[in-house]
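*Asks:* In the working numbering, the protein residues as written are -16 to 144.
Don't be surprised by glycine CBs; every beta carbon is placed ideally from N, CA and C.
Dumping the structure here so I can ask a few things about it.
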């Protein structure tokens, strides 16, 4: 019979400070580190997560084909590079690499075009997304929490540095 392993808790200890940006939380941990605090006892926790997606533009069949051609060209270049390992001469290497790039771009363009057609206009735009937190809290293990909170109370404000 095996003994179940304990997974470490992601959030250890108690909250000692709260910040509105990740940069401020990092600055606080850096301050603690610079003043000799054992920062391995600190955890930065982002809360109130938001998914932010910025619409970049309309995705047409031709833009999808162009994006597919770019991806396919990279893949084709990689395949050409691998196949060129077996080429005899220097010019053979370049020719194989270029043919791989060319065929990769062609197949990628066709696949991008067809893949966009199969969306049937349901999502004909492209986006860039990121997950951000509204608030960041510093947690510290209980043994060091009081000292960390005291040190953070002595931390100079941004303008006083």
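Is there at least one Cβ from chain C nearer than 8 Å to residue 24's Cβ?
*Replies:* The question asks about chain C, but that chain is absent: this structure has only one protein chain.
*Asks:* Could you check where the beta strand (DSSP E) with residue 32 kicks off and where it finishes?
*Replies:* 25 to 41 is the extent of the beta strand (DSSP E) around residue 32.
*Asks:* Quick check on this structure: which residue in 39, 7, 20 and -2 has the alpha carbon closest to the alpha carbon of residue 108?
*Replies:* 39
*Asks:* So residue 63 packs on residue 84, CB below 8 Å; how close in whole Å?
*Replies:* Rounded, the Cβ-Cβ distance is 6 Å, consistent with contact.
*Asks:* In this structure, what does DSSP give as the bridge partners for residue 112?
*Replies:* 36
*Asks:* DSSP beta-bridge partners for residue 118?
*Replies:* Among the bridge pairs identified by DSSP, residue 118 is matched with 30.
*Asks:* Based on Cα-Cα distance, which residue from 19, 132, 93 and 33 lies nearest to residue 114?
*Replies:* Closest in alpha carbon position to residue 114, among 19, 132, 93 and 33, is 33.
*Asks:* Ends of the alpha helix (DSSP H) at residue 67?
*Replies:* 44 to 67
*Asks:* Give the DSSP-derived three-state secondary structure of residue 103 in the structure shown.
*Replies:* DSSP, reduced to helix, strand and coil, places residue 103 outside both helices and strands of the structure shown, so it counts as coil.
*Asks:* Quick check on residue -6: does DSSP put it in helix, strand or coil?
*Replies:* coil
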